[in-house]
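S.K.: Here you go, one structure.
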Amino acid sequence: GPPELAWNVVKRIGGDAGWYFGTFLWRMRGFVDELLGGPGLSRGRRHVDSVAMGDHLDFWRVVAVEEPCRLLLRAEMLAPGEALLEFRVQALPDGSTELRMTPSFEPRGFWGKVYWWIIAPSHSLMFKPMLRQMVKTAGVRVLSGPFCVTED
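In the numbering used here, the protein residues as written are 1 to 152.
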């Protein structure tokens, strides 16, 4: 489908729309974050239909937006490092659209590495179905993937 369909789903992520998969797990992470003094999921989002630089999307902050092709979020939840979540929407030469989601984490110190070692396996369990649901919500079909790629 056209890139606009995918972008419309990306720009609505978080808040009442949720994260398209694993709602219980996102809520649990938000609950734990609040218990530890972080923002949790209570901030929601400013507007359901638009996203702008500096906006909160639950415990994420928008640090870059290039409509209609890129959304970069930085986690403000408590974690021993910096977590980023990037969405890219790209029209392909064959008329299809690629929706790419790239999580990354830069650990701080020993505990950051331990945290990443514990949490990294959950990414394919969470993010693959999340991408599938985003595509379904956009009303288009998956031509290939989703794939999980790790950097060595």
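Glycine included, every Cβ here is placed at the ideal spot set by N, Cα and C.
Pair every Cβ in the region 49-60 with every Cβ in the region 97-110, then say whether three or more of these pairs are closer than 8 Å.
M.R.: Contact fails: fewer than three Cβ-Cβ distances are below 8 Å.
S.K.: My output table needs one value for V62: the three-state DSSP class, helix, strand or coil.
M.R.: Correct three-state label for V62: strand.
S.K.: Taking the alpha helix (DSSP H) that S124 falls in, what are its first and last residues?
M.R.: From DSSP, the alpha helix (DSSP H) with S124 extends over 109-138.
S.K.: Secondary structure at S144, three-state DSSP: helix, strand or coil?
M.R.: Coil, per DSSP.
S.K.: Bridge partners of R88, per DSSP?
M.R.: Paired residues: R70, R100.
S.K.: Round the Cβ separation of L71 and G15 to the nearest angstrom and send it over; I've been treating them as touching at under 8 Å.
M.R.: No, L71 and G15 are not in contact; Cβ-Cβ is about 14 Å, not under 8 Å.
S.K.: Three-state secondary structure (DSSP) at F21?
M.R.: Coil.
S.K.: I need the boundaries of the alpha helix (DSSP H) containing L5, first residue and last residue.
M.R.: Unbroken alpha helix (DSSP H) run through L5: 3-10.
S.K.: Considering only residues of the same chain and omitting the five flanking positions on each side of V135, which have a CB-CB separation below 6 Å?
M.R.: Only V142 meet the Cβ criterion.
S.K.: Using a Cβ-Cβ cut-off of 8 Å (strictly less than) and excluding sequence neighbours within five positions of E4, which residues of its own chain qualify?
M.R.: The answer, listed in chain order, is P68.
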